[in-house]
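A.B. asks: For reference, the structure I am asking about is given below.
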Amino acid sequence: MPLVLEPSLLTKRQNPIRGVREKLFNGVPLDYNKPENGLQSIIPVIKAPAAKGFPYKGTVMFNPGGPGALGTEYLYKPKAVAKLRSRIIGDGWDIVSFDPRGFGYSVPFASCGVNPRTIELDRANATTSTEKPKNRLPRRLNRRARRPVRFNFRNSTSNPSNAYDQSFGMNVARDPPSWKGSTLESALDLSSSCLNLTSQYNQAGPHMNTVVVATDMLSIGKALAREKGEPEDNVMVNFYGISYGTVIGQWFASLYPKNVGKIMLDGVVDSASWIAKREENTTTLHVDEGWARFFPRCHQAGPQNCSFATGNSTEAIRDRFNIIMTKLDATKYQQENNTAASLVGDALSGTKEFILSSLYDPHDKWPILADYLTAMEPLIAPVDPNEWDATGLMELLSSNSTVKRKKNEKPVPRPALETLTESFLSSKIACTKWPVRPAWEWFGPIGGETATPILFAGNLLDPITPYENARKATSLFKGAKMIYVDEVGHSTLSTKNKCAFNHAINYFQEGKLPSANTRCKSEQQPFQ
Numbered sequence: 001m002p003l004v005l006e007p008s009l010l011t012k013r014q015n016p017i018r019g020v021r022e023k024l025f026n027g028v029p030l031d032y033n034k035p036e037n038g039l040q041s042i043i044p045v046i047k048a049p050a051a052k053g054f055p056y057k058g059t060v061m062f063n064p065g066g067p068g069a070l071g072t073e074y075l076y077k078p079k080a081v082a083k084l085r086s087r088i089i090g091d092g093w094d095i096v097s098f099d100p101r102g103f104g105y106s107v108p109f110a111s112c113g114v115n116p117r118t119i120e121l122d123r124a125n126a127t128t129s130t131e132k133p134k135n136r137l138p139r140r141l142n143r144r145a146r147r148p149v150r151f152n153f154r155n156s157t158s159n160p161s162n163a164y165d166q167s168f169g170m171n172v173a174r175d176p177p178s179w180k181g182s183t184l185e186s187a188l189d190l191s192s193s194c195l196n197l198t199s200q201y202n203q204a205g206p207h208m209n210t211v212v213v214a215t216d217m218l219s220i221g222k223a224l225a226r227e228k229g230e231p232e233d234n235v236m237v238n239f240y241g242i243s244y245g246t247v248i249g250q251w252f253a254s255l256y257p258k259n260v261g262k263i264m265l266d267g268v269v270d271s272a273s274w275i276a277k278r279e280e281n282t283t284t285l286h287v288d289e290g291w292a293r294f295f296p297r298c299h300q301a302g303p304q305n306c307s308f309a310t311g312n313s314t315e316a317i318r319d320r321f322n323i324i325m326t327k328l329d330a331t332k333y334q335q336e337n338n339t340a341a342s343l344v345g346d347a348l349s350g351t352k353e354f355i356l357s358s359l360y361d362p363h364d365k366w367p368i369l370a371d372y373l374t375a376m377e378p379l380i381a382p383v384d385p386n387e388w389d390a391t392g393l394m395e396l397l398s399s400n401s402t403v404k405r406k407k408n409e410k411p412v413p414r415p416a417l418e419t420l421t422e423s424f425l426s427s428k429i430a431c432t433k434w435p436v437r438p439a440w441e442w443f444g445p446i447g448g449e450t451a452t453p454i455l456f457a458g459n460l461l462d463p464i465t466p467y468e469n470a471r472k473a474t475s476l477f478k479g480a481k482m483i484y485v486d487e488v489g490h491s492t493l494s495t496k497n498k499c500a501f502n503h504a505i506n507y508f509q510e511g512k513l514p515s516a517n518t519r520c521k522s523e524q525q526p527f528q
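As structure tokens, this is what we get:
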């Protein structure tokens with residue numbers, strides 16, 4: 001079946017970026033191994049054209065991660081496109097992105113029934129035509145419907161009160177043991193609600209895994225070549241992927257090595273752990289050390305730039321944080337059957353989630369986090385949590401829900417699983433209850449020789465994709481090189497490191513790879 005890039009079938013919206021145009025990629029087989037059955041998947045594609053006045057270089061595809069982050073939403077943001085160009089890709093390139101299968105504006109759409117507003121029955125099944133769906137597509141489709149995880153006191157097990165983990169001088173209260181039971185219950189609810197709407201052969205569930213998405217990327221590359229009147233058989237795909245985008249990139253390079261153009265993978269996921277679902281060992285290794293840098297950075301910035309700054313030392317700010325954590329001992333209040341236990345648990349989980357999310361982009365998030373911690377203190381000042389300002393606290397939590405060791409001393413390895421990242425692990429627990437298996441399963445091998453060497457990048461204190469993953473991936477692909485960036489943050493794109501940006505732009509503009517073991521020192525700090 002021919003693959004054709006058709007005019008957009010998406011709901012009309014005003015384009016905030018002049019020149020951006022949307023298209024729908026029609027005629028992609030739902031199942032690449034059974035294209036003769038006529039079932040199709042529709043992949044929405046968006047393009048930010050290269051600015052005039054620069055030599056045209058071609059197309060770079062981009063995936064912002066997730067999994068499931070929407071490329072169509074990302075490229076609608078003028079600042080996001082400008083950041084991609086100025087920090088990573090440079091001028092002369094069209095930037096193309098897409099919504100992965102099952103997400104966003106794709107058909108079939110993996111709509112689950114946890115929240116009735118997310119059900120899109122018109123888009124639940126694969127199509128055999130290119131007609132526009134009857135229903136108006138929702139404005140926001142990047143919010144996956146999930147029940148909030150609540151503390152289930154019936155599942156509580158014994159655990160010492162004052163349950164804290166200590167790391168880099170920080171005391172971080174543990175989530176009470178009931179969170180695992182609650183997470184499993186929520187996972188079962190999600191699985192059962194999704195099963196009827198996503199698990200059938202002609203629905204999204206069996207056809208939205210990474211091997212399919214990587215093949216979709218090749219199909220998009222071929223369609224773009226046809227659009228330009230170029231041969232498609234040996235199309236070279238240029239790509240910049242962040243986080244889950246690095247999984248797509250590694251899969252693509254392993255499956256289609258002859259089609260690898262300039263590919264940069266930034267904030268790298270470990271392929272072996274992804275396949276084996278042992279991600280807890282290759283994700284949160286540096287969370288504690290990354291968060292520990294908040295305190296000296298806040299101290300250096302001073303109260304005029306960091307509202308949480310206090311005293312005359314880094315330790316004074318850290319002690320101020322530890323006092324807050326002492327008050328958020330949800331385990332203690334749960335075991336006491338205190339009526340405020342749920343409030344304390346919500347405050348604890350919300351605070352830890354905000355801290356973890358702030359590590360993704362400390363330049364933007366740490367000033368906001370400092371304000372958050374400062375605002376929390378008076379709300380939880382009373383010794384008895386029943387006397388806390390519950391209304392103010394919940395408003396604070398809601399408003400932010402989208403928001404030094406000695407020389408030569410090696411820290412005790414604490415992979416943060418017991419400190420900041422229980423909420424992250426909840427998604428991994430949920431995966432154990434997911435009942436749908438892919439129609440096309442592929443388990444590697446990952447690596448090999450590619451037509452163009454790959455550039456990997458890793459921040460030394462990335463909270464979710466440690467630089468060790470990038471180092472390992474570099475060893476799997478012949479000729480690949482890596483940039484080590486001494487920064488806190490998820491991907492080099494989240495930093496303000498000009499050294500890293502220069503290497504990325506030189507790669508996409510000139511095809512130049514850095515030398516082996518290239519390191520970029522820390523540059524501009526958060527709060528500056």
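Note that full-length UniProt numbering has the sequence shown beginning at 1, numbered continuously upward.
Every residue, glycine too, gets a C-beta built ideally from N, C-alpha and C.
Can you give me the start and stop residues for the alpha helix (DSSP H) that Ile42 sits inside?
C.D. replies: Within the sequence shown, the letter at position 42 stands for residue 42. Careful: Ile42 lies outside any alpha helix (DSSP H), inside the beta strand (DSSP E) at 40-48.
A.B. asks: So what's Gln525 in DSSP terms, helix, strand or just coil?
C.D. replies: What you label residue 525 is simply residue 525 of the sequence shown in a count that begins at 1. In this structure, Gln525 counts as coil in the three-state DSSP scheme.
A.B. asks: Run the CB neighbour count on Leu362, radius 10 Å, all protein chains shown included, and call it buried at 16 or more, exposed below.
C.D. replies: Within the sequence shown, residue 362 is the residue found at index 362, counting from 1. First, the residue type needs correcting, since residue 362 is Pro and not Leu in the sequence shown. Buried.
A.B. asks: Could you tell me which residues DSSP puts in a beta bridge with Thr518?
C.D. replies: Position 518 of the sequence shown, counted from the first residue, corresponds to residue 518. Note: Thr518 sits in a beta bridge opposite Ile483.
A.B. asks: Please name the residue, chosen from Ser41, Gln250, Val28, that lies closest to Asn469 on a Cα-to-Cα basis.
C.D. replies: Along the sequence shown, one-based indexing puts residue 469 at 469. Out of Ser41, Gln250, Val28, Gln250 has the C-alpha closest to the C-alpha of Asn469.
A.B. asks: Who pairs with Gly458 in a beta bridge, going by DSSP?
C.D. replies: Numbered from its first residue, the sequence shown carries residue 458 at position 458. DSSP lists Tyr484 as partners of Gly458.
A.B. asks: Rounded to whole angstroms, what's the CA-CA distance from Phe527 to Ala301? Just pull it up for me.
C.D. replies: On the sequence shown, residue 527 is found 527 positions in, with the first residue counted as 1. On the sequence shown, residue 301 is found 301 positions in, with the first residue counted as 1. When rounded, the distance between both Cα atoms is 6 Å.
A.B. asks: Nearest to Asn63 by CA position, among Ala214, Asn33, Gly479, is which residue?
C.D. replies: One-based indexing of the sequence shown puts residue 63 at position 63. Among Ala214, Asn33, Gly479, the Cα nearest to that of Asn63 is on Ala214.
A.B. asks: Indicate whether the contact test is met: 3 or more Cβ pairs, each with one atom in the region 27-34 and one in the region 79-89, closer than 8 Å.
C.D. replies: no
A.B. asks: Just mark Phe354 as buried or exposed, buried being the case when its beta carbon has 16 or more other beta carbons within 10 Å.
C.D. replies: Mapped onto the sequence shown, residue 354 falls at position 354. So Phe354 counts as buried.
A.B. asks: In the DSSP assignment, find the unbroken alpha helix (DSSP H) run with Asp319 in it and report its ends.
C.D. replies: Taking the sequence shown and counting its residues from 1, the one referred to as residue 319 is at position 319. Asp319 -> alpha helix (DSSP H) spans 314-327.
A.B. asks: Would you call Phe321 buried or exposed, if buried means 16 or more other Cβ atoms sit within 10 Å of its Cβ?
C.D. replies: Here residue 321 is taken as the residue at index 321 of the sequence shown, counted from 1. Label assigned to Phe321: buried.
A.B. asks: Whose C-alpha, out of Asp346, His207, Lys262, Glu315, is nearest the C-alpha of Phe456?
C.D. replies: In the sequence shown, counting from the first residue as 1, residue 456 sits at position 456. Minimum Cα distance to Phe456 is reached at Lys262.
A.B. asks: Taking 8 Å as the threshold (C-beta atoms), are Thr59 and Trp93 in contact?
C.D. replies: Translated into positions along the sequence shown, residue 93 becomes position 93. Translated into positions along the sequence shown, residue 59 becomes position 59. Closer than 8 Å, so yes.
A.B. asks: By how many angstroms is the C-alpha of Pro435 removed from the C-alpha of Ala51?
C.D. replies: Residue numbering aside, residue 51 sits at position 51 when the sequence shown is read from its first letter. Residue numbering aside, residue 435 sits at position 435 when the sequence shown is read from its first letter. Each residue's Cα considered, the two are about 46 Å apart.
A.B. asks: Could you check how far apart the C-beta atoms of Leu343 and Leu393 are, in whole angstroms? I think they sit under 8 Å.
C.D. replies: Residue mapping note: residue 343 aligns to position 343 of the sequence shown, counting from 1. Residue mapping note: residue 393 aligns to position 393 of the sequence shown, counting from 1. That pair is a contact at about 7 Å.
A.B. asks: Could you tell me the distance, in whole angstroms, from the CA atom of Gln509 to the CA atom of Lys258?
C.D. replies: Stepping through the sequence shown from its first residue, residue 509 is reached at position 509. Stepping through the sequence shown from its first residue, residue 258 is reached at position 258. Rounded to the nearest angstrom, the two C-alpha atoms are 20 Å apart.
A.B. asks: Could you check if Gly302 belongs to the surroundings of the ligand SAH, using beta carbon to heavy atom distance under 7 Å?
C.D. replies: In the structure on display, the ligand SAH does not appear, and there are no ligands present to speak of.
A.B. asks: Do Val260 and Val237 have their C-beta atoms within less than 8 Å of each other?
C.D. replies: Looking up residue 260 in the sequence shown gives position 260. Looking up residue 237 in the sequence shown gives position 237. In contact: Val260 and Val237 (Cβ atoms closer than 8 Å).
A.B. asks: In the DSSP assignment, find the unbroken beta strand (DSSP E) run with Trp93 in it and report its ends.
C.D. replies: The residue you call residue 93 lines up with position 93 of the sequence shown. Unbroken beta strand (DSSP E) run through Trp93: 93-98.
A.B. asks: Could you tell me the alpha carbon to alpha carbon distance between Pro303 and Pro514, rounded to whole angstroms?
C.D. replies: Indexing the sequence shown from 1 puts residue 303 at position 303. Indexing the sequence shown from 1 puts residue 514 at position 514. Their backbone Cα atoms lie some 39 Å apart in a straight line.
A.B. asks: Could you tell me the alpha carbon to alpha carbon distance between Thr402 and Asp319, rounded to whole angstroms?
C.D. replies: For the purposes of this step, residue 402 is taken as the residue at position 402 of the sequence shown. For the purposes of this step, residue 319 is taken as the residue at position 319 of the sequence shown. Its pLDDT being 38, under 50, Thr402 is placed unreliably by the model, and the measurement read from it follows with that caveat. The straight-line gap from Cα to Cα measures roughly 26 Å.
A.B. asks: What are the start and end residues of each continuous alpha helix (DSSP H) run of 4 or more residues lying completely inside the region 177-213, in chain order?
C.D. replies: 178-198
A.B. asks: According to DSSP, is Leu255 helix, strand or coil?
C.D. replies: Start at 1 with the first residue of the sequence shown, and residue 255 comes out as number 255. Helix at Leu255.
A.B. asks: Mark Pro100 as exposed unless 16 or more other C-beta atoms lie within 10 angstroms of its C-beta, in which case mark it buried.
C.D. replies: Mapped onto the sequence shown, residue 100 falls at position 100. Label assigned to Pro100: buried.
A.B. asks: With respect to the alpha helix (DSSP H) encompassing Gly71, which residues constitute its N-terminal and C-terminal limits?
C.D. replies: As a working mapping, residue 71 is identified with position 71 in the sequence shown. Counting along the chain, the alpha helix (DSSP H) containing Gly71 begins and ends at 71-74.
A.B. asks: Can you name the residues that DSSP bridges to Asp266?
C.D. replies: Against the sequence shown, residue 266 aligns to sequence position 266. The bridge partners DSSP lists for Asp266 are Ile242, Ala457.
A.B. asks: By the three-class DSSP mapping on this structure, what secondary structure does Thr351 have?
C.D. replies: As a working note, residue 351 is residue 351 in the sequence shown. Looking at Thr351 - three-state DSSP - the assignment turns out to be helix.
A.B. asks: Under the DSSP definition of a beta bridge, which residues are partnered with Asn63?
C.D. replies: On the sequence shown, position 63 is the one that residue 63 refers to. Answer by DSSP bridge pairing, in chain order: Gly241.
A.B. asks: For Thr246, collect the residues of the same chain with a Cβ closer than 6 Å to its Cβ; drop the 5 residues on either side in sequence, then sort them by chain order.
C.D. replies: Indexing the sequence shown from 1 puts residue 246 at position 246. Only Leu265, Val268, Val269 meet the Cβ criterion.
A.B. asks: If you draw a straight line from the C-alpha of Ser182 to the C-alpha of Leu188, how long is it?
C.D. replies: Start at 1 with the first residue of the sequence shown, and residue 182 comes out as number 182. Start at 1 with the first residue of the sequence shown, and residue 188 comes out as number 188. Each residue's Cα considered, the two are about 10 Å apart.
A.B. asks: Are the beta-carbon atoms of Leu75 and Glu289 separated by less than 8 Å?
C.D. replies: For the purposes of this step, residue 75 is taken as residue 75 along the sequence shown, with counting starting at 1. For the purposes of this step, residue 289 is taken as residue 289 along the sequence shown, with counting starting at 1. Cβ atoms of Leu75 and Glu289: not closer than 8 Å.
A.B. asks: So what does DSSP say about Gln304, is it helix, strand or coil?
C.D. replies: To locate residue 304, count along the sequence shown from 1; it is residue 304. Here Gln304 sits in coil by DSSP.
A.B. asks: Checking 8 Å against the spacing of the C-beta atoms, do Phe98 and Ile242 come in under that value?
C.D. replies: The residue labelled residue 98 in the question sits at position 98 within the sequence shown. The residue labelled residue 242 in the question sits at position 242 within the sequence shown. No, the Cβ-Cβ distance between Phe98 and Ile242 is not below 8 Å.
A.B. asks: Please report the Cβ distance between Met208 and Gly102, rounded to the nearest whole angstrom; I am assuming they are in contact, meaning their Cβ atoms lie under 8 Å.
C.D. replies: Residue numbering aside, residue 208 sits at position 208 when the sequence shown is read from its first letter. Residue numbering aside, residue 102 sits at position 102 when the sequence shown is read from its first letter. So it is a contact: roughly 4 Å between Cβ atoms.
A.B. asks: Count the other CB atoms, across all protein chains shown, that sit within 10 Å of the CB of residue 537; report buried if there are 16 or more and exposed otherwise.
C.D. replies: No answer is possible for residue 537: it lies beyond the span of the chain, which begins at 1 and ends at 528.
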